[in-house]
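Report on the structure given below.
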Amino acid sequence: MVKMFQKRIENFACKNCGAKVKGSGYTNHCPQCLWSKHVDINPGDRAEKCEGQMEPIHVEYRKGEYILTHKCLICGQTRKCKTSPEDSIETLAKLSESLAKKALS
37 MVKMFQKRIE
47 NFACKNCGAK
57 VKGSGYTNHC
67 PQCLWSKHVD
77 INPGDRAEKC
87 EGQMEPIHVE
97 YRKGEYILTH
107 KCLICGQTRK
117 CKTSPEDSIE
127 TLAKLSESLA
137 KKALS
């Protein structure tokens, strides 16, 4: 049976903005720009061969939490993940604002 979640504590440099990110074992995106990298099939397994950049394309508020949706720029796959307290509130606000503008146009 395949484990659906594997905790991995890994630090990384963001491929989008260059920020140095200290991983917690649950970290899957840059807290500064909110971009991610397509490396997992199941969280933490590092089995995905795509390794494309994943753009934050949507943010929603559900059950007291903000949820990000990322889309891989190479294969087009989308993934949802929770935000963390370390995430930039300014970047989350800008993403929400740009999505609202797109919806109105």
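Each residue of the sequence shown is one higher than the one before, starting from 37 at the first, in the numbering used here. Don't be surprised by glycine CBs; every beta carbon is placed ideally from N, CA and C.
In the structure shown, what three-state DSSP assignment does residue i receive?
i    : result
E133 : helix
K107 : strand
E126 : helix
K58  : coil
Within the continuous beta strand (DSSP E) that includes residue i, where are the two ends?
i    : result
Y26  : In the structure as shown, the chain begins at 37 and stops at 141. Residue 26 is therefore absent and cannot be evaluated.
C44  : The displayed chain sequence assigns Arg, not Cys, to residue 44. Looking at the DSSP string, R44 is not in any beta strand (DSSP E), and its letter there is neither H nor E.
T114 : 114 to 118
Counting only the same chain and skipping the five closest in sequence on each side, list residues whose C-beta sits under 8 Å from that of residue i.
i    : result
I77  : A83, E84
S120 : S60, Y62, T63, P67
Is it the case that the CB of residue i approaches a heavy atom of the ligand FAD more closely than 6 Å?
i   : result
W71 : Among the components of this structure there are no ligands whatsoever, and the ligand FAD is therefore not found.
How close, in whole Å, do the beta carbons of residue i and residue j come, if the pair is a contact with beta carbons under 8 Å?
i   : j   : result
H74 : C86 : 5 Å
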